[in-house]
Amino acid sequence: METKRCAYSKCGGPMNLPRAGARFCSSKCRVYAHREEKRFPAEMTTRSRWVRRMDSKRPVTASGCPASSTDSRTWSDFKTASESSAGVGLGFVLGDGIGCYDFDHCLAGGQLADWAAEAIRAIPERVIFSEISQSSEGVHVFVEAEEGPGRKIRDGRNIERYTAGRYIAVTGRAFKL
């Protein structure tokens, strides 16, 4: 009989737990696996396009001063922004080859609406990262994209696409497409 293994990628140890549905060998591995899922990809973290955000989604610098999605002097590298206590969370400024599709009101109980799944499959650019939005009802899909005008689709669906001059309030809560 094959021994079940821990789902945390850096462990893989044997599962000696009595619960049939257990995925991790310990609480420690469960926490590490959860943190690993919240990581942003290198395509984003290696760029100095990070800001902090307020509850109102207004961008601020790592020091708490107003930031601008069009003024790179107000942006930080990922480490500085993520270690800052200004505001309530992180934001990523679009541009430099990274754009974002913002799908609003497309998640219910963790399930992606059919219209959103269809629209995501139709995205022509390479997907870099996808995450659950701050409301837990939407999805952000970050893509490789040349800068161009933004676009909003409001035909019963709530889709926006931006490639520059905007920032996205990010959560880091990865969403598997």
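Quick note: the sequence shown uses the working numbering, first residue 8, plus one each step. Think of the CB as a built atom: it goes at the ideal place given N, C-alpha and C, for glycine as much as any other residue.
Buried/exposed call for residue i, threshold 16 Cβ in 10 Å
i: CYS72; result: exposed
i: PRO66; result: buried
i: GLN155; result: Residue 155 is actually Gly in this sequence, not Gln. Burial call: exposed.
i: ARG133; result: exposed
i: ARG59; result: buried
Boundaries of the beta strand (DSSP E) in which residue i is found, first to last residue
i: GLU167; result: 166 to 169
i: PHE99; result: 96 to 100
i: GLY106; result: 105 to 110
i: SER142; result: Here SER142 belongs to no beta strand (DSSP E), and DSSP marks it neither H nor E.
i: PHE149; result: 146 to 151
Nearest to residue i (by Cα), restricted to the options the options
i: GLN141; options: MET61, SER55, ARG12; result: MET61
i: ARG56; options: ALA181, ALA171, THR178, ARG180; result: ALA171
i: ARG37; options: GLY104, ALA49, CYS13, GLU50; result: CYS13
i: GLU125; options: ALA88, ARG164, VAL100; result: ARG164
i: GLU90; options: ALA69, GLN118, ALA74; result: ALA69
i: GLY104; options: TRP122, ARG54, GLY117, PHE85; result: ARG54
Inter-residue Cα distance where the pair is residue i and residue j
i: ASP78; j: LYS183; result: 32 Å
i: LEU97; j: TYR108; result: 17 Å
i: HIS112; j: GLU144; result: 5 Å
i: MET8; j: GLY20; result: For MET8, the pLDDT reaches just 49, beneath the cut-off of 50, and the residue's location in the model is therefore unreliable, leaving the point undetermined.
i: VAL150; j: ALA29; result: 34 Å
i: ALA120; j: LEU114; result: 6 Å
i: HIS147; j: PHE99; result: 11 Å
i: GLN118; j: THR87; result: 34 Å
i: ALA123; j: ASP162; result: 12 Å
Bounding residues of the alpha helix (DSSP H) (the contiguous stretch that carries residue i)
i: ASP121; result: 121 to 128
i: GLU50; result: 49 to 52
i: GLU183; result: First, the amino acid is wrong: residue 183 is Lys here, not Glu. From DSSP, LYS183 is part of no alpha helix (DSSP H); its letter is neither H nor E.
i: SER89; result: 85 to 90
Supposed close pair residue i, residue j - CB separation, criterion 8 Å
i: SER76; j: ARG173; result: 5 Å
i: PHE31; j: PHE136; result: That belief does not hold up - the Cβ atoms of PHE31 and PHE136 are roughly 24 Å apart, past 8 Å.
Closer than 7 Å: residue i CB and nearest the ligand HEM heavy atom
i: ALA124; result: You won't find the ligand HEM in this model; it holds no ligand whatsoever.
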